[in-house]
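Residue numbers (the numbering used here), protein chains in the order written: chain A, 1 to 212; chain B, 1001 to 1218.
Glycine included, each C-beta is placed from N, C-alpha and C at the ideal position.
The model shown is predicted, which means the values in this text are computed figures rather than measured ones.
Here's the structure, in structure tokens; my notes come after.
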């Protein structure tokens, strides 16, 4: 495995960079979209709740790969050309946003309803109370599950390999087929994934224990 | 456009796609059963704290949980031949899913056992059962009931994850849809609609089941 790192270090690092880049972009956008739909589902508007529910259920129940392939195969034909990295990142964002929406919603629900009532009776509007009182408290509970979602995001970014996204998994395949040492090549890729995911999951487990 | 849908959904094509759904379900069901057995053993080992063994098992579980399933698929299908074993496609897919899911289930089993009130074990011990008898007859049955919704959720992600096995040419739905629209590009949208719908129906029904089970327990 060491000689794989020596011979293909640059390729692997480039792949690692692409994996991290795609994961960060997807994380930021799925946080925004996910929080938006969580708020919409908790909002007083009945239509809003329906739309949010439909969005969440749709993207939770279709495999990530199908969503990604849709953007990679169908979009260029009828809408706009995009490369594998873009298609993969969009797919990853939509898929993850539905899970983040569920996580944030659970966080909002875990905040005592008296907080909202208290702020409303002190003259806040619904959205002010949400923004200044409920959400800040909810995010404290939500951080460990969000961290776990990020770990899933990094792992799921391996679907970029299907669409030529030049991520870590893609480079691993290239190395495996050119060096013919499949075990060593995939082990090297595995080690690089673990360097990202293991510390996050251990830290989240620590946070979870401290919060409990 | 409408004509494309009508042509794409010919009886032969639909039968071919449904055959893919059958492969998906076959692989998922066999893997979840295998991973339930292995996951329970691993979860119990991690829970009871046997010197060294529990720590080692715990570390292996953490390593596998933090790897992409796709990588494990590559290990079983492309990596094993490097070591002299050449598995067929379906066994390789089942093997990879079972390895990955049993670590997920191990965590579910462990937290399920932890969720059982400690008085249950104390009561069992006070009534003369050994530790293992108490675990097997008293604690595990109660833990299992608490775990069921989480196991169903895990099964949903397993069903979705079988689509990853297209990369090792497992003839499931996504793979078969690609073969159909490979022959006629007009069929691309109808095929995506069809497989998205099939996955959605299966997974949504399962998620309703999981939610129903969760409510009944609360």
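Distance check for residue 53 of chain A and residue 1136 of chain B, CA to CA, integer angstroms please. Inter-residue distance for residue 1136 of chain B and residue 53 of chain A is about 41 Å (C-alpha atoms, whole angstroms).
Under 7 Å by beta carbon: chain A residues contacting residue 1163 of chain B: 63, 65 and 66
Chain A within 9 Å of residue 1115 of chain B, Cβ atoms only: When Cβ-Cβ separations below 9 Å define contact, residue 1115 of chain B makes no contact with chain A.
Using a C-beta to C-beta distance shorter than 7 Å, which residues of chain B count as neighbours of residue 70 of chain A? 1192
Strictly under 9 Å for the Cβ-Cβ distance: is residue 93 of chain A near chain B by that measure? Not closer than 9 Å to any Cβ of chain B, the Cβ of residue 93 of chain A fails to qualify, so no.
Mind listing the chain B neighbours of residue 176 of chain A? Cutoff is C-beta to C-beta under 7 Å, in chain order. 1078
Status (buried if at least 16 other CB within 10 Å, exposed otherwise) for residue 98 of chain A: Burial call: buried.
Would residue 28 of chain A be called buried (16 or more neighbouring beta carbons within 10 Å of its own) or exposed? exposed
Nearest-angstrom beta carbon gap, residue 1154 of chain B and residue 1101 of chain B [assumed within contact, 8 Å]: 7 Å
Should residue 1211 of chain B be labelled buried (16 or more other beta-carbon atoms within 10 Å of its own) or exposed? exposed
In terms of alpha-carbon separation, which member of A:197, A:57, A:51 and A:88 lies closest to residue 163 of chain A? A:88
Alpha carbon to alpha carbon, what distance is there between residue 117 of chain A and residue 158 of chain A? 45 Å
Helix, strand or coil: which one does DSSP assign to residue 10 of chain A? Of the three classes helix, strand and coil, the one that applies to residue 10 of chain A here is helix, per DSSP.
CA-to-CA distance, residue 1107 of chain B to residue 1200 of chain B, given in whole angstroms: 26 Å
The stretch 1055-1064 of chain B in contact with the stretch 1027-1038 of chain B per 3-pair CB rule at 8 Å: no
C-beta neighbour in chain A for residue 1170 of chain B, strict 9 Å: no
Just reading off the alpha helix (DSSP H) that residue 162 of chain A is part of, what are its end residues? That residue, residue 162 of chain A, is in no alpha helix (DSSP H); it is neither H nor E in DSSP.
Quick check: the stretch 1130-1144 of chain B against the stretch 201-209 of chain A, are there 3 or more CB pairs under 8 Å? no
Proximal residues of chain B, C-beta to C-beta of residue 82 of chain A below 8 Å: Correct list: empty, because the minimum Cβ distance to chain B is about 15 Å.
Go ahead and label residue 1099 of chain B buried or exposed: buried means 16 or more other beta carbons lie within 10 angstroms of its beta carbon, across all protein chains shown. buried
Using a Cβ cut-off of 9 Å (strictly closer), state whether residue 1188 of chain B contacts chain A. yes
List, in order along the chain, the chain B residues whose C-beta lies closer than 7 Å to that of residue 190 of chain A? 1067 and 1071
With a Cβ-Cβ cutoff of 9 Å, do residue 1028 of chain B and residue 1097 of chain B count as a contact? yes
Taking only heavy atoms of the ligand ZN into account, decide whether any of them is closer than 8 Å to the Cβ of residue 127 of chain A. Summarising the ligand content, the structure contains no ligands, and the ligand ZN is consequently not present.
Rounded separation between residue 1208 of chain B and residue 1148 of chain B - CA only: 13 Å
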